[in-house]
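Take any residue in the sequence shown, count from 1 to its spot, add 184: that is its number in the working numbering. The beta-carbon is built from N, C-alpha and C at its ideal position, and this holds for glycine as well. Computed from a prediction, not measured in an experiment: that's the story for all the values here. First the structure, in the form of structure tokens, and then the observations on it.
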Amino acid sequence: MRVIFRHPEPAGPGKVRIRPVFLPFAGCPGRCVYCAQHLQTGQSPQRLDEALTGLRESLARDMAAGRGPYEIGFYGGTFTALPGDFAERFTAVAGEYRRRGLVTRVRCSTRPDAADPRRLSALRGLGLDMVEIGVQTFEAGVLAASGRGHGPAEIFSACRAVRESGLSLGVQLLPGLPGHTPEMFARDVELAASLVPETARIYPCLVAAGTRLAAMFAAGEYAPWDEDTAVAAVAGGLPVLWRAGVRVIRIGLAPQDGLSSAILAGPAHPALGNRVRARALHAVVRDKALGLGPGPKRLLAPSRYAGEFWGHGRELAADYAGLGLTRESVRFAGVAAFEMSAEAAPPVAQA
């Protein structure tokens, strides 16, 4: 008896190169309790005219040197709320180099309460392709406790505005905010999936030095999720997003100079994404293995999952052994699907 199945993660365009343009705090009406964009981006705030000049010059150098192609992503602030016409000017520069072949796509991140339909349409006309909405959570109380300054209604309105402007939608979730529970995160994932975004990023909340959250943590007013809680919650959410066709393109913050030393608490393991994806894959394999009944099994798996199958430091080896799968019975090859079979039981000796 055997079963053939595919990984539920939706197929994507392959490895996408995104060249980030960080604009820390630019356009933000205030600072949320958790925000440490200068640490997350590795850059300090700078004048927008200087940042624009720097972008134009660096793109010209890349074009002359034959670098690229790549996407451009405007991150770190609230792009659609940049003062004056800076959002249009940044987008126009990126759009110019898109027409010249250096840039393949232009995306930005923004707050839900800054997704003005008219500005979104104008930016699309200048070359913007995708908007990632900083959803964080749909829980009204958690949004208030985190200093977001808006409620769930603005999130739904923003996502609708992005869609109606002809732009692709991405969402960013931030589990573990003040008052946030794994059960709330499960609801957040269901709601996010119902919006059918193209992509999702999931950043479990960390306590960074210099933030209001750090003061709350020091005063005993906030406790972040531990790593195992974050791994279990996010791993449980991945299949929900995958089934909706949503590609999860990031789990946990990317490492930056000075970031790790500034993290005071929270699930900041550098292999967090690997742990989450491995746990989600294990759940898929477990369901198929249980359908084959108890006893030893053999598994042929796609090579692309070899690095995450057993989990970080082979932490899932014992769990797989309980399903009848061992190092000797699992083989990786250049195949598209998983193929698992139950080993025949040895014949019973006749008296």
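Assigned secondary structure, residue i (DSSP; H/G/I helix, E/B strand, else coil)
i: residue 524; result: strand
i: residue 204; result: strand
i: residue 434; result: strand
i: residue 293; result: strand
i: residue 198; result: coil
i: residue 186; result: strand
i: residue 449; result: strand
i: residue 258; result: strand
i: residue 217; result: coil
i: residue 535; result: Only weak support exists for where residue 535 lies, its pLDDT of 49 falling under 50; the coordinates are left without a value.
i: residue 282; result: helix
i: residue 428; result: coil
i: residue 246; result: helix
Per DSSP, cross-strand counterpart(s) of residue i
i: residue 515; result: 484
i: residue 385; result: 356 and 434
i: residue 392; result: 447
i: residue 317; result: 294 and 355
i: residue 287; result: 254
Residue i, buried or exposed, once every other Cβ within 10 Å from all chains shown has been counted against 16
i: residue 186; result: exposed
i: residue 397; result: buried
i: residue 230; result: exposed
i: residue 535; result: The predicted model places residue 535 with a pLDDT of 49, which falls under 50 and marks its position as unreliable; any figure quoted below should be read in that light. Classification of residue 535: exposed, given that the 10 Å Cβ count is below 16.
i: residue 456; result: buried
i: residue 353; result: buried
i: residue 294; result: buried
i: residue 237; result: exposed
i: residue 463; result: buried
i: residue 304; result: buried
i: residue 408; result: buried
i: residue 487; result: exposed
i: residue 403; result: exposed
Whole-angstrom C-beta distance between residue j and residue i, which should lie under 8 Å
i: residue 350; j: residue 297; result: Rounded, the Cβ-Cβ distance is 21 Å, inconsistent with contact.
i: residue 472; j: residue 400; result: Not a contact, Cβ separation roughly 44 Å.
i: residue 189; j: residue 516; result: In fact, because the Cβ distance is near 15 Å, the residues do not count as touching under 8 Å.
i: residue 426; j: residue 197; result: 16 Å between Cβ atoms; not a contact.
i: residue 358; j: residue 320; result: 4 Å
i: residue 326; j: residue 362; result: 7 Å
i: residue 214; j: residue 263; result: Contact doesn't hold; Cβ gap of about 16 Å is too wide.
i: residue 274; j: residue 258; result: 6 Å
i: residue 466; j: residue 503; result: 6 Å
i: residue 388; j: residue 414; result: 4 Å
i: residue 346; j: residue 315; result: 5 Å
Closer than 6 Å: residue i CB and nearest the ligand SAM heavy atom
i: residue 187; result: With respect to the ligand SAM, the structure offers nothing, as it holds no ligand at all.
Residue i at chain D interface by Cβ criterion, 7 Å
i: residue 202; result: The structure shown has no chain D; it contains just one protein chain.
Worksheet item: Is the number of C-beta pairs between the stretch 246-262 and the stretch 286-294 that are closer than 8 Å three or more?
Response: Three or more pairs of CB atoms, one per stretch, sit closer than 8 Å, so the stretch 246-262 contacts the stretch 286-294.
Worksheet item: Do the stretch 196-210 and the stretch 478-488 make contact, defined as three or more Cβ pairs closer than 8 Å?
Response: Too few Cβ pairs lie closer than 8 Å, so no.
Practice prompt. Specify whether the stretch 417-433 and the stretch 360-377 touch according to this definition: at least 3 beta carbon pairs, one from each stretch, less than 8 Å apart.
Written response: When Cβ pairs closer than 8 Å are counted between the two stretches, the stretch 417-433 is seen to touch the stretch 360-377, the count reaching three or more.
Worksheet item: With a cut-off of 8 Å, do at least 3 Cβ pairs link the stretch 426-438 to the stretch 455-470?
Response: Yes: the two stretches touch, three or more of their Cβ pairs being nearer than 8 Å.
Discussion item. Taking contact to mean 3 or more Cβ pairs, one atom from each stretch, closer than 8 Å, check whether the stretch 336-344 and the stretch 387-395 are in contact.
Written reply: Using a Cβ-Cβ distance cut-off of 8 Å, the stretch 336-344 and the stretch 387-395 are not in contact, since fewer than three pairs of beta carbons, one from each stretch, lie closer than that value.
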